[in-house]
Each structure stands twice: as C-alpha cells, then as structure tokens.
Amino acid sequence: MLRELTQCSEATQPSREGTDCRPAVGAPATFGQLLRARRQQLGLSLAQLASRVHFDRGHVSKVETDKRPPSVTFAEACDRALNVGNTFTTIATALEAAARQQQGWVHPAQLPAAKHNFVGRRRYLDRLDRVLHGDEQSLAVPVAVINGPPGMGKTSLAVQSAHRAVNDGHFADGQLFVNLRGPGPGTAAAPFDVLEDLLRALGVPTEHIPADLDQRAATFRSALHGREILLVLDNAADTQQILPLLPGSPGCAVVVTSRSRLPGLISQVGAVTLTLPELSRPEAVLLIRSIIGDVRADADPAAVAVLAERCGHLPLALVLAAEHIVSHRHHSTGTLATDLKPEHARLDLAAGEVVLRHAFDTSYKTLDVQTARMFRLLGLLPSYTINADAAAATAGVSQDEASLLLRNLASAHLIRHHDECHYQLHDLLRVYAAELAKHLDTESERTKAMRRAADFYLR
Ligand SMILES: Nc1ncnc2c1ncn2[C@@H]1O[C@H](COP(=O)(O)OP(=O)(O)OP(=O)(O)O)[C@@H](O)[C@H]1O
Ligand SMILES: [Mg+2]
Numbered sequence: 001m002l003r004e005l006t007q008c009s010e011a012t013q014p015s016r017e018g019t020d021c022r023p024a025v026g027a028p029a030t031f032g033q034l035l036r037a038r039r040q041q042l043g044l045s046l047a048q049l050a051s052r053v054h055f056d057r058g059h060v061s062k063v064e065t066d067k068r069p070p071s072v073t074f075a076e077a078c079d080r081a082l083n084v085g086n087t088f089t090t091i092a093t094a095l096e097a098a099a100r101q102q103q104g105w106v107h108p109a110q111l112p113a114a115k116h117n118f119v120g121r122r123r124y125l126d127r128l129d130r131v132l133h134g135d136e137q138s139l140a141v142p143v144a145v146i147n148g149p150p151g152m153g154k155t156s157l158a159v160q161s162a163h164r165a166v167n168d169g170h171f172a173d174g175q176l177f178v179n180l181r182g183p184g185p186g187t188a189a190a191p192f193d194v195l196e197d198l199l200r201a202l203g204v205p206t207e208h209i210p211a212d213l214d215q216r217a218a219t220f221r222s223a224l225h226g227r228e229i230l231l232v233l234d235n236a237a238d239t240q241q242i243l244p245l246l247p248g249s250p251g252c253a254v255v256v257t258s259r260s261r262l263p264g265l266i267s268q269v270g271a272v273t274l275t276l277p278e279l280s281r282p283e284a285v286l287l288i289r290s291i292i293g294d295v296r297a298d299a300d301p302a303a304v305a306v307l308a309e310r311c312g313h314l315p316l317a318l319v320l321a322a323e324h325i326v327s328h329r330h331h332s333t334g335t336l337a338t339d340l341k342p343e344h345a346r347l348d349l350a351a352g353e354v355v356l357r358h359a360f361d362t363s364y365k366t367l368d369v370q371t372a373r374m375f376r377l378l379g380l381l382p383s384y385t386i387n388a389d390a391a392a393a394t395a396g397v398s399q400d401e402a403s404l405l406l407r408n409l410a411s412a413h414l415i416r417h418h419d420e421c422h423y424q425l426h427d428l429l430r431v432y433a434a435e436l437a438k439h440l441d442t443e444s445e446r447t448k449a450m451r452r453a454a455d456f457y458l459r
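Have a look at this one:
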C-alpha cells in the first residue's frame, strides 16, 4: 500500500530544479526512500535533518527505513526543511487516509458549533493555539485547562479555539467533546461511563469495551495511538475525573474547562492553565450589541454601557440581559438598565431554563460548611478586597483557618486573587453571597459578623 501510494504521488512532486526528490529511475519509491533521496541530495546527515524538522534522529531514521509511518505533522516539517513544496504532506495525507480506510477508523467530529458572535479573548486564543499545536519534539500530550467563575465563557473559548485548530488543518483524525457535568454535587460523569462513550465514538465495538476502568482507559489510549485527535473535556469536576481520560501519545491534545483550579493537573501532566477574567468594557458592549442588534444599540449607547457594567462584564449575565431585551420587544435597553439598578435584581436575569442565580448555586453547593459560611459573610463586607485578617475577624475564626477558607473559595473561583495578600469578589458574586447570608444566617449572626468586621477596620 505504502509503495503504491508513493509511486502514485510522483505526479505531485515539484518540477522546479533543485527540488525534485525522486530516487533514481527504476528504484522503488516509498515515503522513506523519497525522504532519504532528498536528504542525501542536499548533503544533509540524519542528525542535521532531525534538527531541521524538530524530531529526534531515531524517529527520522525509522521513517526513512519505512519502519514508522510518517505523520502529516512530520511530513509538513520535511516539506519546509527540504524545500519540496507540499510533496511529503500530500503523500502522508494520502497514506493516513488509506490506513484509516483499511482499519475502518471512525472520524468523530463532536465539537458543538462555534458561536457566530464570539467576541474578544484574542490573547487567550493565541495562547491556546500555541499550546495545542505543541512542541513537535515533545513526547507529552499538550493539555490546556481553561478555568474561571461560573458563566465566564470557558466552554465558548474552548470550542472557539478547537474550531480554529481544525480550521488550520490540525487534528485531522477528529475531535471528541464530552460534558463531564461537574461541578454540581453528585452530577459529575463517572470516567468509567465517559470512556465507554468515547470508545464507541471511536468505532470500538461494544464487545471490545472492557468492564474494568484501567483497561478501558488503556483501550482508549490504544485507540488514540497514532491519531491526531483533539479531546475537549468540558465542565470537569476535579483532577481525578480527568486523569483516566487523557490520551497517551503525542499527536493528540486536550482542552479541559472547569470551574475548579484542578490542583495536581499541572504537576502530573504539565497542564497549561488559563484563568478567564470578565470581558473588557468594549468587549462586553460588543457582546450585547451582537445580540440586540445595531439599531437598538445605537438608539441608546450609554444605556448599553450601563447595562454591561451592571452585568459585571460577565458573559453569561450579558447574554441573559441582551436576550431579555430581544424577547421583550417593549423593553428598551434603558428600561432594563434601570430595572437592574438594585443589585439583587441582577441575580434574577434569566432566559428559558438558564437563570444567573442557578449558575452560581451549582458552585456554591460544592463548598464545605465552613467555606460556605465564609463566602456568605464576605458578601456582607462593603470592601471589595479582603485579606485573611479581615476575613478571620468577620467570621470569628483564626487567621490560619481564614486563609484556608479563602484558598478554598479561590480554588472554586468564587473569589479571586487581587494581589499576594488580598482577594476580591466579582460584583455579582458579592451580591449573590449577601443574598445567601440574608436567607441562611440569622440576623443576629449577621449583625455580630458586621460588628466584628467594623471593629477590625476601626483598629
Ligand atoms: N467570548 C464570547 N463571545 C460571545 N459570547 C460568549 C463569549 N463567552 C461566553 N459567551 C456566552 O456567555 C454564555 C456563558 O458562556 P459559557 O457557557 O462558555 O461559560 P462557562 O464559563 O463555560 O460557564 P459554566 O461555568 O457554567 O460552564 C454563553 O451563552 C456563551 O454563548
Ligand atoms: Mg461551561
């Protein structure tokens, strides 16, 4: 098969002088032989070619001797290094397609559609491009983690970035997308079940899916071996949920989204973490405009800016507010901005089943009792930045305990680091925390907490 294909591919070889890599007439022409012929024509040693293509010498040698099939990524590097147009890429692509056909490979394409009105996040998209396209020499699987508060746009960014990669010709063997259903308590998908779905999506027959978690994970890694597949693990609950789902061979890449910081993932698999902040003011305004349309936005640009501000530039809140305007034809942007002046009204933003308050609820419900209490009490403080001393005084706990509880909250992205010693609550999360305190803590508890906080700040 290899030989036939490469012989056919001679038609694709460039005819420019100095770039013809065909071996001598009569010689068989496999990818490896063509590669060796061109390398020798240029007077390059194996080591020199290896260094030009950024693969190790052993890999190049195995491809040259046809002991290892060339990946398209490798072929692209050879084309660039040996100045032969797209000769090797064409052959490798044809070889891969033929191999897939022979083995009955399924080509999964599970990505949800990209947003037609995606705004901003340029810096994050560029960073993801760099991570996903990886270092060709590395044997590790690139893993990018996008984390941040509820509704900050983590899934949208992951999907956008995945489409960009596919559009650029990466991950030609397919894309897998899984909703891991974290972080709600008891809702997270079990890796055992997820692996079954993934194996099925890759065309593994049910009778070949093992009944043991480790064996399922191993079968999944085997099924991915030699393929260039992008795996998007959306909404992960914790690191333990992700580890059995990771591919083992380079060529694949993984994007994880989570409301948690996923401790341990960086040290265990060298994951690159991106923490999403809210949109900038112009991006937030643009997002509202993209939904309500230019006519409505131009009718009252100042109200759009106020609305964006009152939504805290949080994508989910912005989308819900904009959809409210679209679905209430007699409700102008200015009217909604005025309705949202009382802070507590902002948590009621909703469209269909999606309610802003509920998005926060799922994160809050994962907290332990003490961390949840600390979160509620922080909502009572007018100050937007808090340190461990202030938190300890407000909650009436030791400074060590307060530090631990603040770290837990930061890990769940319900508060964020302002600087080394201070934390901050997003405006909408502060309103949400205050609302919880009002419902769940007695008036006397709240008054005592406020008094302790006042004493602390006066001191
Ligand atoms: N950059 C963006 N451009 C346009 N719309 C966006 C953008 N980011 C997010 N959105 C919209 O905001 C809403 C929330 O985004 P998304 O679901 O991606 O957030 P999330 O961080 O994944 O939320 P969760 O924590 O619930 O998983 C969605 O309706 C999405 O379409
Ligand atoms: Mg999401």
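Residue numbering for the sequence shown follows my numbering, starting at 1 and increasing by one per position. No residue lacks a Cβ here, since even glycine has one placed at the ideal position from N, Cα and C. Remember, it's a predicted structure, so these values are computed and weren't measured experimentally.
Any non-hydrogen atom of ligand 2 closer than 8 Å to residue i Cβ
i: N86; result: no
i: T187; result: no
i: T273; result: no
i: R238; result: Note that residue 238 is Asp in the sequence shown here, rather than Arg. It does not: the Cβ of D238 is nowhere closer than 8 Å to a heavy atom of ligand 2.
i: D361; result: no
i: N235; result: yes
i: K154; result: yes
i: T257; result: yes
C-alpha gap between residue i and residue j, whole angstroms
i: P69; j: I91; result: 11 Å
i: V84; j: P244; result: 41 Å
i: L246; j: D173; result: 16 Å
i: F360; j: L429; result: 8 Å
i: M374; j: Q268; result: 31 Å
i: V119; j: L286; result: 7 Å
i: A114; j: L157; result: 9 Å
i: R346; j: R100; result: 52 Å
i: L414; j: T371; result: 11 Å
i: D339; j: D129; result: 41 Å
i: E64; j: F31; result: 7 Å
i: A324; j: A350; result: A small fix is needed here, since residue 324 is His in this sequence, not Ala. In a straight line, the C-alpha of H324 is about 8 Å away from that of A350.
i: R221; j: T89; result: 26 Å
i: A236; j: R459; result: 43 Å
i: D300; j: V272; result: 41 Å
i: H439; j: A433; result: 10 Å
i: R121; j: P205; result: 40 Å
Near ligand 1: residue i beta-carbon under 8 Å from a heavy atom
i: R289; result: no
i: F177; result: no
i: V326; result: no
i: Q424; result: no
i: V63; result: no
i: S282; result: The residue asked about is misnamed: residue 282 is Pro in this sequence, not Ser. Because no heavy atom of ligand 1 lies under 8 Å away, the Cβ of P282 does not count as near it: no.
i: L213; result: no
i: V119; result: yes
i: L262; result: no
i: V145; result: no
Cβ-based burial, residue i [other Cβ within 10 Å; buried from 16]
i: Y457; result: exposed
i: P150; result: buried
i: Y384; result: exposed
i: D234; result: buried
i: T73; result: buried
i: L213; result: exposed
i: Q33; result: buried
i: K154; result: buried
i: E96; result: buried
i: D126; result: exposed
i: V232; result: buried
i: D298; result: exposed
i: N117; result: exposed
i: R451; result: exposed
i: V369; result: exposed
i: H313; result: buried
Nearest to residue i (by Cα), restricted to the options the options
i: T394; options: A449, R259 and A302; result: A449
i: R289; options: G270, A337 and V319; result: V319
i: L356; options: E343, A271, L367 and N408; result: E343
i: E196; options: P183, P210 and D419; result: P210
i: C78; options: A50, Q103 and W105; result: A50
i: L230; options: D427, V256, A237 and D441; result: V256
i: Q241; options: S363, Q110 and R181; result: R181
i: W105; options: H208, R227 and R376; result: R227
i: L176; options: L199, I292, G396 and S71; result: L199
i: L82; options: L35, H59 and A140; result: L35
i: N179; options: R123, L111 and A217; result: L111
i: A317; options: E278, Y124 and I386; result: E278
i: G334; options: H328, A303, T362 and V326; result: A303
Quick one: complete alpha helix (DSSP H) runs, 4+ long, within the stretch 178–239?
The qualifying runs are 191–201 and 213–224.
Ranges of the alpha helix (DSSP H) found wholly within the stretch 318–384, counting only runs of at least 4:
For the stretch 318–384, the full-length alpha helix (DSSP H) segments reaching 4 residues or more read 333–339, 356–364 and 369–378 along the chain.
Can you list the alpha helix (DSSP H) stretches of 4 or more residues lying completely in the stretch 400–448, in chain order?
Listed in chain order, they are 427–440.
Can you check the stretch 238–283 for any alpha helix (DSSP H) of at least 4 residues that lies completely inside it and give the ranges in chain order?
Counting only unbroken stretches of 4 or more residues, the alpha helix (DSSP H) elements lying wholly within the stretch 238–283 are 239–242 and 265–269, in sequence order.
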